[in-house]
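Protein chains in written order, with our numbering: chain A, -14 to 188; chain B, -14 to 188. Just so it is clear, CB atoms sit at the ideal spot from N, CA and C, and this is done for glycine as well.
There are 2 protein chains.
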Amino acid sequence: MSRDPHSGLQRVILDTARQLLVSEGYAQLSMRKIANKIGYSATSIYLHYGNKDELVHALIDEGVDLLHDELHAAHVGSEKPLEQLHAMFMAYIQFGLGRREYYEIMYVLHPEYITRYPAEKYRKARRNLEMIASAISNGVKGGLLEPNDPMLCANLAWAQLHGVVTLLSSERVDKRIPADTLIHASSDHLIRSLLKNPTLAEV
Amino acid sequence: MSRDPHSGLQRVILDTARQLLVSEGYAQLSMRKIANKIGYSATSIYLHYGNKDELVHALIDEGVDLLHDELHAAHVGSEKPLEQLHAMFMAYIQFGLGRREYYEIMYVLHPEYITRYPAEKYRKARRNLEMIASAISNGVKGGLLEPNDPMLCANLAWAQLHGVVTLLSSERVDKRIPADTLIHASSDHLIRSLLKNPTLAEV
DNA sequence: TCCGTTAACTTAACAGTGTTAACCAGCAAG
DNA sequence: CTTGCTGGTTAACACTGTTAAGTTAACGGA
């Protein structure tokens, strides 16, 4: 029942769970399948994780770290605030579409299907938003942007990015609109809406 | 197996299914529960709906119509393009947050959990986007807006609205940001980004 | 009137699911 | 030597969607 997967089975369970999650998706992720794959009985998983949700939470931890790394790389990859923002937006969408299964358990799955992700861990997830907010603040200091509330803007941007990711990922967008078009348009549109004077768009 | 629920059980099944969907959510919607509630055996539902997905698709039909009505009301509620857009954005978000269960099966549920919504029915759902696109076109003709591709912009707006709805609905937004603030900011931000000259914001 | 067909519905069952209770082997400590 | 803990097991419960087979009643034609 301990949280960090250090010893023996705990690691093996988590690894095969992730493997199954990536290869077959969350809908196919079952305790018995994990157990079969590692040659144990299903119930022995409960000796290491209280229930399925706890296991999935551990996978969410991994996903949050992964996304954080990508965003951080994009953040430090450029000094210019606008490029920084663009890089981070792209990193987010790329993560959302590239690691769909992670993204699903992190941000799509209804709280009804899965126990609330523990509140204290949200701080880690919130760091990602704070990185975006700080990039916006940088732009404001540099005189390029002018939003009064960077954190609110970061949440707005998040909503836009999340919408793009989920609609594309679930193939609900009309095929006549290419994914790339929508993605780049949303990034441009986000940055333009933050700009002080939208006419000198030098993205 | 006929599509339109006209006679007898078909109507009753659909009605109690909707009732259960609204009162307990999709996760709790099961064939046996529906059957129990109407005093039939679970298998008799299969005489009227091929499987659970077909039943849910019928519920989606209702949801699409409902949303369409709301959007249409907002569309004809005002002549001024900007007010029109604002009203439609608000109507969408209000629907998404007010009729959560409908919204979930319509736009959130992963295609992995539910069979693809029949392609021919998508046209109906697409009309909603076309209404937004037409409102944008109206604004362009009126000289207020200047997007080159209204349909792309409509999809961008959709993504933003969808993001706001799903993040708020799943309670993933930091409580320190009030829902209303985020909602109004996203509508404003959407409209501003479409404006020809963002300084004369007369929303 | 009797036979055959069909429609509407049922029960039993299958193959899954998460989860719990009870049990059992091995091993270290008192 | 016994006690108790660790790590695992099997059996079972209460669910899920779905299918196969069986029942019952009504109706049409000879």
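For residue i, return the contacting residues in chain B, with the cut-off set at a CB-CB distance below 7 angstroms.
i        : result
A:Pro204 : Beyond the ends of chain A as shown, which are -14 and 188, falls residue 204 of chain A; an answer cannot be given.
A:Leu171 : Reading the sequence as shown, one finds Ser at residue 171 of chain A and not Leu. Neighbours of A:Ser171 on chain B, chain order: Leu141 and Ala144.
A:Arg111 : Asp159
For the alpha helix (DSSP H) containing residue i, name the first residue and the last one.
i        : result
B:Tyr98  : It is not in any alpha helix (DSSP H) - B:Tyr98 carries neither H nor E in the DSSP assignment.
B:His33  : Looking at the DSSP string, B:His33 is not in any alpha helix (DSSP H), and its letter there is neither H nor E.
A:Pro66  : Pro66 to Gly83
B:Lys22  : Met16 to Ile23
A:Met136 : Pro135 to Ser154
B:Asp159 : Note, B:Asp159: premise wrong, no alpha helix (DSSP H); not H, not E.
B:Ala2   : Leu(-6) to Glu9
Can you list the residues of chain A that residue i reaches, using a CB-CB cut of under 9 angstroms?
i        : result
B:His208 : Residue 208 of chain B lies beyond the residue range present for chain B, which begins at -14 and ends at 188; the question has no answer from this structure.
B:Leu167 : Leu137, Asn140, Leu141 and Ala144
B:Val158 : Asn140, Trp143 and Ala144
For residue i, I'd like the list of residues in its chain whose CB is within less than 8 angstroms of its CB, leaving aside the five on either flank, ordered along the chain.
i        : result
A:Pro183 : The pLDDT assigned to A:Pro183 is 48, lower than 50, so where the model puts this residue is not dependable, and the model offers no usable value.
B:Leu5   : Gln13, Leu14, Lys18, Ile19 and Lys22
A:Arg3   : Leu44 and Glu47
B:Leu114 : Met136, Ala139, Asn140 and Trp143
A:Leu167 : Val149, Leu153 and Val158
Once you ignore the five residues that flank residue i on each side, which residues in its own chain have a CB closer than 7 angstroms to its CB?
i        : result
A:Leu91  : Correcting the residue type first, residue 91 of chain A is Met in the shown sequence and not Leu. Once the five neighbours on either side are set aside, the close Cβ partners of A:Met91 are Ile45, Gly48 and Val49.
B:Ala170 : none
A:Glu39  : none
Which bits of chain B does residue i rub up against, with CB to CB less than 8 angstroms?
i        : result
A:Ile162 : Met136, Leu137 and Asn140
Output, in chain order, the set of chain A residues within a Cβ distance shorter than 7 angstroms of residue i.
i        : result
B:His174 : Leu141 and Ser178
B:Tyr98  : Ala12
Mind listing the chain A neighbours of residue i? Cutoff is C-beta to C-beta under 8 angstroms, in chain order.
i        : result
B:Gly148 : Trp143, Ala144, Gln145, Leu146, His147, Gly148, Val149 and Thr151
Taking 6 angstroms as the limit between beta carbons, can you name the residues of its chain near residue i, skipping five residues before and five after?
i        : result
B:Glu55  : Ala76 and Phe80
B:Ser172 : His71 and Phe74
A:Glu89  : Tyr11
### Query
When the Cβ atoms of the region 51 to 68 of chain B are set against those of the region 13 to 30 of chain B, are three or more pairs found closer than 8 angstroms?
Counting C-beta pairs with one atom in each stretch, the region 51 to 68 of chain B and the region 13 to 30 of chain B have fewer than three that are closer than 8 angstroms, which means they do not touch.
### Task
Inspect the CB distances between the region 143 to 153 of chain B and the region 126 to 134 of chain A and report whether three or more fall short of 8 angstroms.
No, the region 143 to 153 of chain B does not touch the region 126 to 134 of chain A.
### Message
Assess contact between the region 77 to 89 of chain A and the region 49 to 58 of chain A, defined as three or more Cβ pairs (one per stretch) separated by less than 8 angstroms. Is contact present?
### Response
They touch, by the three-pair rule.
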